[in-house]
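J.:
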DNA sequence: CATATATGGTTACAAATGTAACTGTCTATT
DNA sequence: AATAGACAGTTACATTTGTAACCATATATG
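Protein chains in written order, with our numbering: chain A, 992 to 1144; chain B, 992 to 1144.
(1) Output the distance between the C-alpha atoms of residue 1149 of chain B and residue 1074 of chain A, rounded to the nearest integer angstrom.
(2) Check whether chain B comes within 7 Å of residue 1052 of chain A, counting only Cβ atoms and requiring the distance to be less than that.
(3) Does the ligand FAD have even one heavy atom less than 6 Å from the beta-carbon of residue 1023 of chain A?
(4) Below 8 Å between beta carbons is the criterion; list the residues of the stretch 1008-1020 of chain B that meet it against any residue of chain A, in chain order.
(5) Going by the CB atoms, is the gap between residue 1127 of chain A and residue 1131 of chain B shorter than 7 Å?
(6) Which of helix, strand or coil does DSSP assign to residue 1090 of chain B?
(7) Would residue 997 of chain A pass as an interface residue toward chain B - the criterion being a Cβ-Cβ separation below 7 Å?
(8) Taking 7 Å as the CB-CB limit, is residue 1076 of chain A close to chain B?
(9) So does the stretch 1010-1026 of chain B actually touch the stretch 1012-1023 of chain A, counting three or more Cβ pairs closer than 8 Å?
(10) The alpha helix (DSSP H) with residue 1082 of chain A in it runs from where to where?
(11) Could you pull the DSSP bridge partners for residue 1050 of chain B from this structure?
(12) Please work out which residues of its chain come closer than 7 Å, Cβ to Cβ, to residue 1145 of chain A, disregarding the five sequence neighbours upstream and downstream, and give them in chain order.
(13) Measuring only the C-alpha atoms, how far is residue 1052 of chain B from residue 1058 of chain B?
(14) Check whether the stretch 1079-1091 of chain B and the stretch 1116-1126 of chain B touch, using three or more Cβ-Cβ pairs below 8 Å as the test.
(15) Note down, in chain order, every chain A residue with its Cβ under 7 Å from the Cβ of residue 1139 of chain B.
(16) Which residue's Cα is closest to the Cα of residue 1021 of chain B: A:1007, A:1091, A:998 and A:1064?
(17) Mind checking which residues open and close the alpha helix (DSSP H) that includes residue 1010 of chain B?
(18) Would you check if there are 3 or more beta carbon pairs closer than 8 Å linking the stretch 1133-1141 of chain B to the stretch 1026-1033 of chain A?
(19) By Cβ distance, which residues of its chain are closer than 7 Å to residue 1046 of chain A, with the 5 residues on each side in sequence left out?
(20) Rank B:1080, B:1136 and B:1068 by C-alpha distance to the C-alpha of residue 1035 of chain B and give the top, closest one.
(21) Any Cβ of chain B within less than 7 Å of the Cβ of residue 1114 of chain A?
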C-alpha cells in the first residue's frame, strides 16, 4: 500500500488538477481578501479593472479574452465599475454594437492603489513560498500557458 | 513602455494569482468535462468520491479537510452520492454526531472507472504540457503546499 | 435588396455557492 | 448533575454564477 491508499493506486493528493486548484484558491483568496476589504470589489470587477488599467482602452469582448472571463461576468463587472464611476464607455463610431471601455481618473486611482497591493502581495508570496518555489511555479505555468494557446484555452 | 502597459508598471499577465487561477480553471475544466459527461457528477461530488476511494472510510469533516471543501459542499455532495447508492453512512458508536462514510460496491466501480479517466488525463496532460513543464509545476506546487501547511490553508 | 447568419452585449432563469443560523451530541467546569 | 462551550452535520437565505434566449447591429449570400 503506497500511502493509505485503499482501492487501486490512484492518489488524489498527486492529481494535478486537484493540486493546482487547491493552490490557486489558496493564493487567490489571500489577495481577494485585500481588494474585497479595501473596496468591496468582486473578482470579476478586480480583473476588469486590472485588464483596463494594464492594457488600456478595450472593448468588453477584449477584456473577456484577455482575462478569460465569460461575457456575462464581464458585462456585470463593467456595469458595477461604471456605477462607481471608475470606467466610462464610448460607442464605437464604425460598429455601433461595440463600446470602448476606459478607466476614469477615479478608476486609475483605484487601479494604482490596488496594483500597489498586488505588488506587495507578490513580494509576500515570494517570501512565503520561497524564491525557487515561485520560480518553479512560474516556469510550470509558462508551459501550461503555451499549451493553452495551442489548444484553445 | 514594457508590454502595451499603460498606467504604472503592473502587468496582470505576470501576476501569479491570476495566472495560477487561469491555469487551474483550464486544467480542471478539461477533466470536469469527463466526469460530468460520463456520470453527471459535480466537482464536489467527484472530490468526495475520490477522497473516499483513495483514503477509505472517513467522516464528512475528514473529507472536507482532505480535499479542502467547505462543510456545506461536502454535506450536499454526500447527500447526492448517497442518493445514487454510491456511498453509505454508518453512525459512530461512541460519538453519535459523527458518521462514517464508505463507498458501496457501485461507488467503488464508479471510482475505478473515474480514476482510470484521471490517469488517462494525467498522461494527456503530460504530453500537452510537456514532461519538464509538469515537473516544474509539481515542484512549484510542493512549495505552495508547504506554505499552506504553515499558514493555515 | 432580401434573407440568413454572425457578433457585441444584456437579461432572465436555473443551478451552485457561501454565510449564518440551527439541531443534536459531546466535553469541561462548577 | 447542571450549565456552558465546542463540534458534526444540516438547512435557509442571499449572492454569485452559468446557460440560453434575447436585442441590436453588422456582414455575407442568394
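Here a beta-carbon is modelled for each residue, glycine too, at the ideal position from N, C-alpha and C.
T.: Reading from the atomic positions:
(1) Residue 1149 of chain B lies beyond the range of chain B shown here (992 to 1144); nothing can be said about it.
(2) Against chain B, the CB of residue 1052 of chain A has no partner CB under 7 Å away; the residue lies outside that interface.
(3) Ligands are entirely absent from the displayed structure, and the ligand FAD is therefore not among its contents.
(4) Listed by position along the chain: 1008, 1009, 1010, 1011, 1012, 1013, 1014, 1015, 1016, 1017, 1018 and 1019.
(5) Yes; because the gap between Cβ atoms is below 7 Å, this pair is in contact.
(6) It is a strand residue.
(7) Cβ-Cβ to chain B under 7 Å: yes for residue 997 of chain A.
(8) Interface annotation, residue 1076 of chain A: not in contact with chain B, CB-CB separation never under 7 Å.
(9) Yes, they touch.
(10) Not the alpha helix (DSSP H): residue 1082 of chain A falls in the beta strand (DSSP E), residues 1078-1082.
(11) DSSP output for residue 1050 of chain B lists B:1091 as bridge partner(s).
(12) Not covered by the structure: residue 1145 of chain A. The range shown for chain A is 992 to 1144.
(13) One Cα belongs to residue 1052 of chain B, the other to residue 1058 of chain B, and the distance between them is close to 10 Å.
(14) The way I'd put it, the stretch 1079-1091 of chain B doesn't touch the stretch 1116-1126 of chain B; fewer than three beta-carbon pairs between them come closer than 8 Å.
(15) 1017, listed in chain order.
(16) Among A:1007, A:1091, A:998 and A:1064, the Cα nearest to that of residue 1021 of chain B belongs to A:1007.
(17) For residue 1010 of chain B, the uninterrupted alpha helix (DSSP H) segment begins and ends at 1007-1030.
(18) The stretch 1133-1141 of chain B vs the stretch 1026-1033 of chain A: no contact.
(19) Setting aside the 5 residues that flank it on each side, residue 1046 of chain A is surrounded in the same chain by 1057, each with a C-beta closer than 7 Å to its C-beta; the list follows chain order.
(20) When only C-alpha atoms are compared, the closest one is B:1068.
(21) Not closer than 7 Å to any Cβ of chain B, the Cβ of residue 1114 of chain A fails to qualify, so no.
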